[in-house]
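Asks: According to numbering that gives the first Met the number 0, the stretch in the sequence shown is residues 0 to 527, in order.
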Amino acid sequence: MIANQRSGYFAYTEFRAGLPLFLLLICSILIAVHFLHPSNPLTVNEGIGWNGWWDQRKYLESAAALANGDLSPDAHWYPIGYSLLAAPFVLLLPDDPFVFVNVIAFAIYGWAFFRLFQPIISTQYVILAFLIGLSLPVLLEQPFPQTLFFWRQFAVPWTTVPVAASYLFILYAVSKDVSDTGKFTDLFIGSAAALVVVTKPSDILPLVPAGIAYLFRRLRSKNKWRIGFATAGAIAVLGPALGLTVAIHGGLNSPYVVSSGQIGLSFSQLPLRAYSMFLDSRTVWREESSLLILQPFLVVTIPLFLLWTFRYPSKSLLIAATCIVSIVEYLAYNDFTPQNAVRFQLYHYWVWMLPIWTAGAVAGAASAIRAAKQSQSLLGKLAPILVAAAGSVFLASVRIETLELNNFSVSINEYSDGSYSYKLNSISKKHVNLIDIFEANALDKNILPNSNISLYLNGLPGYPFQDYRIISTQSGVRIIFNRPVFTESISFTLGDKIASLPTDPENVVPLTFQWSLSPFWSFRKQLG
0 MIANQRSGYF AYTEFRAGLP LFLLLICSIL IAVHFLHPSN PLTVNEGIGW NGWWDQRKYL
60 ESAAALANGD LSPDAHWYPI GYSLLAAPFV LLLPDDPFVF VNVIAFAIYG WAFFRLFQPI
120 ISTQYVILAF LIGLSLPVLL EQPFPQTLFF WRQFAVPWTT VPVAASYLFI LYAVSKDVSD
180 TGKFTDLFIG SAAALVVVTK PSDILPLVPA GIAYLFRRLR SKNKWRIGFA TAGAIAVLGP
240 ALGLTVAIHG GLNSPYVVSS GQIGLSFSQL PLRAYSMFLD SRTVWREESS LLILQPFLVV
300 TIPLFLLWTF RYPSKSLLIA ATCIVSIVEY LAYNDFTPQN AVRFQLYHYW VWMLPIWTAG
360 AVAGAASAIR AAKQSQSLLG KLAPILVAAA GSVFLASVRI ETLELNNFSV SINEYSDGSY
420 SYKLNSISKK HVNLIDIFEA NALDKNILPN SNISLYLNGL PGYPFQDYRI ISTQSGVRII
480 FNRPVFTESI SFTLGDKIAS LPTDPENVVP LTFQWSLSPF WSFRKQLG
């Protein structure tokens with residue numbers, strides 16, 4: 000299982016034989032998933048497939064416009080990096096030019112993954128970890144049937160596909176010793192980082208640890224001058240792309256960047272957000288879409304990955320740091336929720352990490368086995384295994400429960416037009432996380448989370464995304480606060496997105512959260 004001790008002809012032969020077969024396998028699967036996707040625009044039964052989705056339509060419009068020399072601002076919603084990559088392929092396949100970009104980027108992603116982990120775990124485990132990380136669950140039933148959901152995140156056009164390739168290439172290249180790389184490696188490092196900037200600007204944040212590591216290692220080496228190659232590579236990408244952006248928009252901000260800035264980031268309640276995205280999304284969002292529901296084996300994988308990180312930081316710390324920054328970045332993004340992670344495919348932000356966690360877990364398990372063989376004491380033999388087991392037990396046991404806040408009084412006012420306003424008052428400020436509104440029915444469950452309601456907290460207006468989201472549940476609708484709310488007064492009207500409105504104050508229930516630990520053996524029952 001462990002490959003980091005191997006050297007010589009055997010390891011080299013295994014690498015040379017394994018890499019082409021690995022790339023052929025994963026690219027074949029991706030191409031099959033791409034063309035068998037029910038929304039593929041070339042094979043769809045009705046309509047135009049994913050080219051009618053918002054993001055994919057905007058990508059295609061931009062790529063087609065660039066291919067035709069059209070620099071009108073209306074044609075370019077997103078940063079142009081991804082569309083610029085696809086523009087040369089528009090003439091070959093005008094309805095699906097991104098298939099070429101995605102397959103090439105995915106091949107680079109797979110190549111870097113193999114090069115990164117094959118010296119640590121043997122080839123068969125590299126392949127197995129990659130396939131497990133992306134292939135499970137094979138069939139996802141909710142909110143609608145989907146096969147190979149995580150593979151689809153690389154098959155459907157998303158700006159995060161070339162970003163994933165850039166991440167993995169940079170992680171591999173920076174982890175190599177300076178003496179083992181040529182000057183063109185630095186050129187490609189700079190180009191890959193710049194590609195992230197012009198494709199999805201905020202996604203440069205997870206590369207900050209790699210950038211620090213790169214500068215530290217180059218400045219300590221005899222090849223400080225190679226930083227110039229990285230700079231040249233970055234300029235070669237940034238110059239034309241940013242020049243086009245200025246020519247199109249008159250500045251560096253695309254409409255997408257402006258829109259994302261309005262939605263904003265919030266670093267408050269990160270533990271609550273992490274709980275919903277990783278452990279159990281049902282408590283808050285009433286969705287079976289958290290990662291541990293989709294991939295229950297992560298309850299073992301994540302502790303083993305962290306075990307590997309702590310035991311072999313020289314090999315794993317940069318990888319772990321990049322993952323952590325990416326996780327925190329998107330947990331803080333106000334539009335990244337369990338409600339849309341599966342329904343609107345937003346797991347494409349994180350999918351690049353899944354094979355990494357699985358491969359790191361294999362390395363962690365192997366390190367625990369090696370420690371058991373090498374240690375002379377019983378404690379030394381068992382300590383790594385016990386630490387990983389404790390982590391798994393904790394993940395399977397931690398829960399968030401909702402508690403009703405009984406010290407709020409609820410009043411309802413009816414207006415002449417048939418609308419209602421709701422006011423909640425308490426004699427002292429309380430921490431409110433949710434408001435359940437029973438017997439209220441949404442006209443459109445998919446549109447509701449993006450809706451704006453009239454909401455006031457202690458007399459101050461609340462805003463969608465930054466302050467709250469509203470979702471449909473089986474028993475009504477729920478207001479979820481995106482930030483800590485300590486208040487003694489809440490008032491709101493639900494607007495025209497709700498078909499029926501409750502008239503009984505008992506149907507308006509404010510709730511708060513409470514952390515707890517439940518028996519870990521109820522994991523299956525809890526996470527179903």
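Note that beta-carbon positions come from the ideal geometry of N, C-alpha and C, so glycine has one too.
Going by C-alpha to C-alpha distance, which of 207, 45, 437, 246 sits closest to residue 497?
Replies: When each option's Cα is compared against that of residue 497, the closest is 437.
Asks: Determine the DSSP secondary structure at residue 400, reduced to helix, strand or coil.
Replies: Reduced to three states, the DSSP call for residue 400 is strand.
Asks: Among 294, 295, 152, which has the Cα closest to the Cα of residue 30?
Replies: Looking at the Cα atoms, 152 is the closest of the given residues.
Asks: Within this structure, are the beta carbons of residue 420 and residue 337 separated by less than 8 Å?
Replies: No, the pair does not count as a contact, with Cβ atoms beyond the cut-off.
Asks: Out of 182, 274, 379, 247, which one is the CA nearest neighbour of residue 230?
Replies: Among 182, 274, 379, 247, the Cα nearest to that of residue 230 belongs to 182.
Asks: Under the DSSP definition of a beta bridge, which residues are partnered with residue 441?
Replies: Bridge partners of residue 441: 497.
Asks: DSSP puts residue 514 in a beta bridge; with which residues?
Replies: Per DSSP, 399.
Asks: So with Cβ pairs under 8 Å, would you call residue 453 a contact of chain B?
Replies: Among the chains of the structure shown, chain B does not appear; only one protein chain is present.
Asks: Would the segment 470-481 count as touching the segment 402-414 if we require 3 or more Cβ pairs under 8 Å?
Replies: Judged by Cβ distances under 8 Å, the segment 470-481 makes no contact with the segment 402-414, as fewer than three pairs qualify.
Asks: State the DSSP-derived secondary structure class of residue 258, mapped to helix, strand or coil.
Replies: The answer is helix: DSSP assigns residue 258 an H, G or I state.
Asks: Roughly how many whole angstroms lie between the Cα atoms of residue 278 and residue 265?
Replies: Approximately 20 Å between the Cα atoms of the pair.
Asks: Among 25, 240, 39, 441, whose alpha-carbon lies nearest the alpha-carbon of residue 84?
Replies: When each option's Cα is compared against that of residue 84, the closest is 240.
Asks: Between 189, 186, 173, which has its C-alpha nearest residue 208's C-alpha?
Replies: Comparing Cα-Cα distances from residue 208 to each of 189, 186, 173, the minimum goes to 173.
Asks: For the segment 5-86, list the alpha helix (DSSP H) runs that are entirely contained and at least 4 residues long, ordered along the chain.
Replies: Complete alpha helix (DSSP H) runs here, min 4: 7-35, 53-66, 80-85.
Asks: State the DSSP-derived secondary structure class of residue 482, mapped to helix, strand or coil.
Replies: If DSSP states are grouped into helix, strand and coil, residue 482 belongs with the strands.
Asks: From residue 527 to residue 285, what distance separates their C-alpha atoms?
Replies: Unreliable positioning characterises residue 527 in this predicted model, as indicated by a pLDDT of 39, which lies under 50. A coordinate reading is not provided.
Asks: Give the list of continuous alpha helix (DSSP H) stretches no shorter than 4 residues that lie fully inside the segment 141-184.
Replies: Runs of the alpha helix (DSSP H) inside the segment 141-184: 148-154, 159-174.
Asks: How about residue 253 and residue 77: are their beta carbons less than 8 Å apart?
Replies: Result yes, Cβ atoms of residue 253 and residue 77 sit closer than 8 Å.
Asks: Between the segment 41-61 and the segment 214-228, do three or more beta carbon pairs fall short of 8 Å?
Replies: Because the criterion of three Cβ pairs below 8 Å is not met, the segment 41-61 and the segment 214-228 do not touch.
Asks: Would you call the segment 269-277 and the segment 92-112 touching, i.e. three or more CB-CB distances under 8 Å?
Replies: Contact fails: fewer than three Cβ-Cβ distances are below 8 Å.
Asks: By DSSP's criteria, residue 435 is part of a beta bridge. Which residues make up the other side?
Replies: In the DSSP output, where bridge partners are listed per residue, residue 435 has 477, 508.
Asks: Does DSSP put residue 315 in a helix, in a strand, or in coil?
Replies: Three-state result, residue 315: helix.
Asks: Which residues does DSSP list as the beta-bridge partners of residue 409?
Replies: Bridge partners of residue 409: 423.
Asks: If distances are taken between C-alpha atoms only, which option among 434, 94, 158, 334 comes closest to residue 259?
Replies: Of 434, 94, 158, 334, the residue nearest in Cα terms is 334.
Asks: Out of curiosity, what's the CA-to-CA distance linking residue 448 and residue 432?
Replies: Those two C-alpha atoms are separated by around 16 Å.
Asks: Grab the span of the beta strand (DSSP E) containing residue 462 for me, first residue to last.
Replies: Looking at the DSSP string, residue 462 is not in any beta strand (DSSP E), and its letter there is neither H nor E.
Asks: Give a yes or no on contact between the segment 188-201 and the segment 375-388, applying the rule of three or more CB pairs nearer than 8 Å.
Replies: Cβ pair count under 8 Å is below three, so no.
Asks: Count the other CB atoms within 10 Å of the CB of residue 430; is the residue buried (16 or more) or exposed (fewer)?
Replies: It is exposed - the Cβ of residue 430 has fewer than 16 other Cβ atoms within 10 Å.
Asks: Taking one C-beta from the segment 105-112 and one from the segment 304-312 each time, how about it: are there three or more such pairs within less than 8 Å?
Replies: Result no; under three Cβ-Cβ pairs closer than 8 Å.
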